[in-house]
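Protein chains: 2
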Amino acid sequence: MEKLCFGIDIGGTTVKLGLFTDKGELVDKWEIPTRKENSGSYILGDVAKSLEHKISERKLDKSQIVGIGAGVPGPVTGDGTVIECVNLGWSIINVANELKALTGFEAKVGNDANVAALGEMWQGGGKGYNSIVMVTLGTGVGGGVIVDGEIITGSNGAAGEVGHILVNYEEKEKCNCGKTGCLEQFASATGIVKEAKRLLSKSAEPSKLRDFDYLSAKSIFDCAKENDELALELVEQLGRYLGIALSHVAAVVDPQAFVIGGGVSKAGSILTDGIKKYYNQYVMLALKNKEFRLAELGNDAGIFGCARLILGH
Amino acid sequence: MEKLCFGIDIGGTTVKLGLFTDKGELVDKWEIPTRKENSGSYILGDVAKSLEHKISERKLDKSQIVGIGAGVPGPVTGDGTVIECVNLGWSIINVANELKALTGFEAKVGNDANVAALGEMWQGGGKGYNSIVMVTLGTGVGGGVIVDGEIITGSNGAAGEVGHILVNYEEKEKCNCGKTGCLEQFASATGIVKEAKRLLSKSAEPSKLRDFDYLSAKSIFDCAKENDELALELVEQLGRYLGIALSHVAAVVDPQAFVIGGGVSKAGSILTDGIKKYYNQYVMLALKNKEFRLAELGNDAGIFGCARLILGH
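Going down the list, the sequences are from chains A and B.
The opening position of the first sequence corresponds to residue 1 in UniProt numbering, with each subsequent residue numbered one higher.
The opening position of the second sequence corresponds to residue 1 in UniProt numbering, with each subsequent residue numbered one higher.
Next comes the structure, spelled out in structure tokens:
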């Protein structure tokens, strides 16, 4: 009988669930809402019920299920304990033990950015490699470090927090983390737009960017592709900040490749080319000419990585 | 019969050798010169002869020896291959296979800075931890990253090259690596003295540092401890550069502790206090308040780490 596993990506709004074969094929995927009431105490019970329902709907035998992998939006220690997860309302909780108690299945738990990196390594933009660093450029900037096929979790679950690497010593505005000059302040979707507004207000140059009522990271890349000078300057600066941060990352773990994901990565090669240019300028010879790939799994990276937590061992 | 192993730290001038029990006690240590003639082709043969001699001198039974660990001053891949080792005259060579062929013992090989980090974790300043980053402040700045008791080697053997992290965007002089603004240019013994000379030439302030015919990193720390203003300024700047670089390192691997080694680390707590101050300013909350320890094994860190390569598995 075919062996299967579940990948469960628990987000602040929805829980994404996937049923995978042990070869890594996604057989079925679905979502349930994340109920955050009562300090998030319904979430894992809802997940267990949804799995139970899927098992009976597809007439699966419980012995086929080799385990559950789960991703959560917060730091997770090696044994599956979440210390605090503001987005879900959780304080300290061992998610792996809870899931096992609720479902009877073996469970492994990781941080959402880390499991997304694992998913991209396994079946996405990092396929073919076993040591990658993924950077997710979305509302914020997240990251995940995979070495020899394993997530580097960190002693406080804070490894791979590349969004909070210092890249600008002069910045005065504060990052969400409380520091100043973090990569996230310049390379997140929000940060890119903020920088555009700054540049537009201090420059007198004409730019198509001035015609937008609502500026987005996408509009900036679109204008850059049409050779708008100010937009090109912004994309150049973005490449420089990311190139600097990833040069630091490379000097620590020397990965085979970088995978760039998140909404901002839809810009494509104009983004990765800009990063490469500065990255190669800021690293020593032994670290030059790494692969820079685009993420491929989109919102499914999490459930793939969750499944891999179980199937990789 | 007691199990034993050899730790062999191959340097550009001497090879340090140690005989260890499987509990990690150093039973005997000695040195032989590194013969670099003929592209370093005598080195491993000399090592094999020296081990043979030690085995007969101490009347050991070869079956007692569980293996050999070796450290070399250059990048080493996971299978023990050295791509290039300028200091020894070697081009591509699988050191693990060569040592096994010459001695009959199982052999493992690592980069010298990485094995020193492993040694300090095992029996030195990082004892009690299993995830540390060691930074060696000597003629250059080296580093080693240990996660869950294992060296992170990197895909090109260049993980842990913290000396070549960019910390100063304005620097015009070139680092030995060909880039500009590397940590090594400011935090190596050479870099510290170079910065002192710069400051002395641009400042008119009186300073005891002006009385030295030959300035050394030690003299700068000594003057700082006597509250010499310019010396204090130099120590402050050193702490800032190291704090910045280690904040980047922490965001990637989130170690339990940092271990500071090399000749410069003899300065003691005045150095680690300075690093801590800036480190805590540049990291996010989850990464604050790490331990900063001083290395304890000195020149023996390498042979300890080499032994651990064999005994840790």
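Every residue gets a Cβ at the ideal spot worked out from N, C-alpha and C, and that includes glycine.
None of the values given here were measured: they were computed from a predicted structure.
- Counting C-beta pairs closer than 8 Å gives fewer than three between the stretch 167-187 of chain A and the stretch 215-227 of chain A, which falls short of the contact rule.
- Secondary structure of Thr153 (chain B) (DSSP, three-state): coil.
- Note: Leu137 (chain A) is bridge-paired with A:Val141 in the DSSP secondary-structure output.
- Interface residue (Cβ-Cβ distance to chain A less than 8 Å): His248 (chain B) is classified as such.
- Thr21 (chain A) is bridged by DSSP to A:Leu4.
- For the beta strand (DSSP E) assignment, the uninterrupted runs of no fewer than 3 residues enclosed by the stretch 46-72 of chain A are, from N- to C-terminal side, 65-72.
- Ala204 (chain B) and Leu88 (chain B) have their alpha carbons spaced roughly 45 Å apart.
- Taking C-alpha positions only, Gly143 (chain A) is separated from Thr153 (chain A) by approximately 11 Å.
- Using a CB distance cut-off of 8 Å, Ile244 (chain B) counts as an interface residue toward chain A.
- At a Cβ-Cβ threshold of 8 Å, Leu51 (chain A) and Glu98 (chain A) do not count as neighbours.
- Not a single CB atom of chain A sits nearer than 8 Å to the CB of Asp112 (chain B).
- For the pair of segments examined, the stretch 8-18 of chain B was found not to touch the stretch 128-140 of chain A: the number of CB pairs separated by less than 8 Å stays below three.
- At least one beta carbon of chain A lies nearer than 8 Å to the beta carbon of Pro75 (chain B).
- Apart from sequence neighbours up to five positions away, the residues of its chain that approach Gly312 (chain A) with a beta-carbon distance below 7 Å are Gly149, ordered along the chain.
- Under the three-state reduction of DSSP output, Ala107 (chain B) falls in the strand class.
- Taking 7 Å as the cut-off between beta carbons, the residues of the stretch 137-156 of chain B near chain A are Val145, Val147, Ile152, Gly154, Ser155, Asn156, in sequence order.
- Taking every protein chain shown into account, the CB of Ile8 (chain A) has 16 or more other CB atoms within 10 angstroms, so this residue is buried.
- Within 7 Å of the CB of Ile165 (chain A), the CB atoms of chain B belong to His248, Ala251, in sequence order along the chain.
- With a threshold of 8 Å between beta carbons, Gln256 (chain B) makes contact with chain A.
- Leaving aside the five residues that flank Ala307 (chain A) on each side, the residues in its chain whose CB is nearer than 6 Å to its CB run, in chain order, Cys5, Gly7, Phe20, Gly69.
- Taking a Cβ-Cβ cut-off of 7 Å, the neighbours of Glu161 (chain A) in chain B comprise Ala251, Met284, given in sequence order.
- Segment contact: the stretch 237-244 of chain A against the stretch 110-122 of chain A, fewer than three CB-CB distances shorter than 8 Å; contact not assigned.
- In the displayed model, Gly302 (chain B) falls within a helix according to three-state DSSP.
- With its beta carbon less than 8 Å from one in chain B, Ala158 (chain A) belongs to the interface.
- The C-beta of Leu287 (chain A) comes closer than 8 Å to at least one C-beta of chain B.
- The beta carbons of Gly11 (chain A) and Ile310 (chain A) sit about 19 Å from each other, so the pair does not count as a contact at 8 Å.
- Among the residues of the stretch 57-82 of chain B, those with a Cβ less than 7 Å away from any Cβ of chain A are Pro75, in the order of the chain.
- In chain order, Ser155 make up the part of chain A whose C-beta sits under 7 Å from the C-beta of Ser131 (chain B).
- Taking 8 Å as the CB threshold, Cys85 (chain B) stays off the interface with chain A.
- A Cβ of chain A is located within less than 8 Å of the beta carbon of Cys177 (chain B).
- A direct Cα-Cα distance of roughly 57 Å separates Glu195 (chain B) from Ser41 (chain A).
- A straight-line Cα-Cα distance of about 40 Å links Met1 (chain B) and Val253 (chain A).
- Leu246 (chain B) and Tyr279 (chain B) have their alpha carbons spaced roughly 7 Å apart.
- For Val253 (chain B), the enclosing alpha helix (DSSP H) starts and ends at 229-253.
- The beta carbon of Ile93 (chain A) is closer than 6 Å to those of Val82 in its chain, skipping five residues each way along the sequence.
- Relative to the Cα of Asp79 (chain A), the nearest Cα in the group A:Ser63, A:Ala96, A:Gly263, A:His248 belongs to A:Ala96.
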